[in-house]
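Residue numbers (UniProt numbering): 1 to 246.
For reference, the structure discussed in these notes is given below.
Put into C-alpha cells, the structure is as follows:
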C-alpha cells in the first residue's frame, strides 16, 4: 500500500481542523450519510475519538477523523470514520476497510462485548472528476461474486471435536495430528494407541514428523505417563521405533 507523506497536506490539515469540531461534523453527517444509516445515528451523542487506533505502521500514511455515537435505539455503538482525499487511490476502499477493522478492534479492547458498526466515508476534493474508483472494497477482487459470498457468509470451520475418530483416520497426512490434538487433554492416552498406530503405519509421515508429534504429547498432553505411551507406540510402529525411543 502506497504511503502518504508523513506531513499532512494543507488539504488534509484544514479538513481535519474543521471536521474535528462536533457541530461541523454533525452537519457533515446530516448532509452526507445515506438516509438509512443516518436514521439509526443519534447525532446528539457525537464524540470525537483519537485517530491513533491504527497499528503503528499505518499511522504515518493516512489522516482521518473518527467519531463514536450511540444508535437511536440506544443499544449499541456506531463509529463514523471520515477520510479526506485529494488524490484518487484505486485501493482506497481496501484502506477504509482496514481502518474500520482497526476501530472495531480498539472498541473491543476498551471492554465492549459487541463490535460497533463503523461507517467509512470518503470525502474527495481532487482535480480529477468524478472520483474514478469504486468505494466498494469487494470490487478489488478479480471474482467479486465469490468474494462477496465468502465475506458475507460464515467462515469455514473445522471443528475437530465433532469429527468421528474413524473419519479422522482417513485424513492421510493430517490424520495423526488431528487425532492427537482432538484427544490431547485426555488423562489416559493408552486407548489412543490403538487408533494412532494404524495411522502411523500407513506411512504418510516421516520419522522427524512423528518425533514432533511425540514432543507435542510430552509438552502439551495431560497424560500421567507419557513415556509409557511412547514406548507402546514404538512397539506398535516399528519403522519409527528407533526415532521414537531416541
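Positions of the beta carbon are idealized from the N, C-alpha and C atoms, including for glycine.
task: Tell me, to the nearest whole angstrom, how far the beta carbon of residue 222 is from that of residue 185; I am working on the premise that it is less than 8 Å.
output: 5 Å
Please give the ranges of any beta strand (DSSP E) in the stretch 98–160, keeping only runs that are unbroken, at least 3 residues long and fully inside the region.
117–124
Notebook entry, point to check: So residue 179 is in the alpha helix (DSSP H); what residue range does that whole segment cover?
Noted result: 175–183
For the stretch 138–156 and the stretch 104–117, state whether three or more C-beta atom pairs, one from each stretch, are separated by less than 8 Å.
no
### Query
In three-state terms, what does DSSP make of residue 86?
coil
If we ignore side chains and look at the alpha-carbon of each, how far apart do residue 214 and residue 208 end up?
10 Å
According to DSSP, simplified to helix, strand and coil, what is residue 213? helix
With respect to the beta strand (DSSP E) encompassing residue 49, which residues constitute its N-terminal and C-terminal limits? 41–49
- Task: Measure from the alpha carbon of residue 243 to the alpha carbon of each residue in 219, 200, 225, 173, then state which is nearest.
- Result: 200
query: Cα separation between residue 194 and residue 159?
result: 23 Å
- Task: Would you kindly report the start and end of the unbroken beta strand (DSSP E) that includes residue 64?
- Result: 64–71
**Prompt:** Looking only at DSSP bridge pairs, what is residue 78 linked to?
**Reply:** 69, 117
### Query
Does DSSP put residue 26 in a helix, in a strand, or in coil?
helix
Leaving out five residues on either side along the sequence, give the residues of the same chain with a beta carbon under 7 Å from the beta carbon of residue 128. 88
task = With DSSP as the reference, label residue 191 as helix, strand or coil.
result = helix
task = Check whether the Cβ atoms of residue 180 and residue 217 sit closer than 9 Å, and answer yes or no.
result = yes
*Taking the C-alpha atoms as reference points, what is the distance between residue 176 and residue 105?*
36 Å
Notebook entry, point to check: Going along the chain, which residues of its own chain have a beta-carbon closer than 6 Å to the beta-carbon of residue 70, five neighbours each way excluded?
Noted result: 42, 45
### Message
One question on the structure: do residue 84 and residue 67 come within less than 9 Å of each other, judged by their Cβ atoms?
### Response
no
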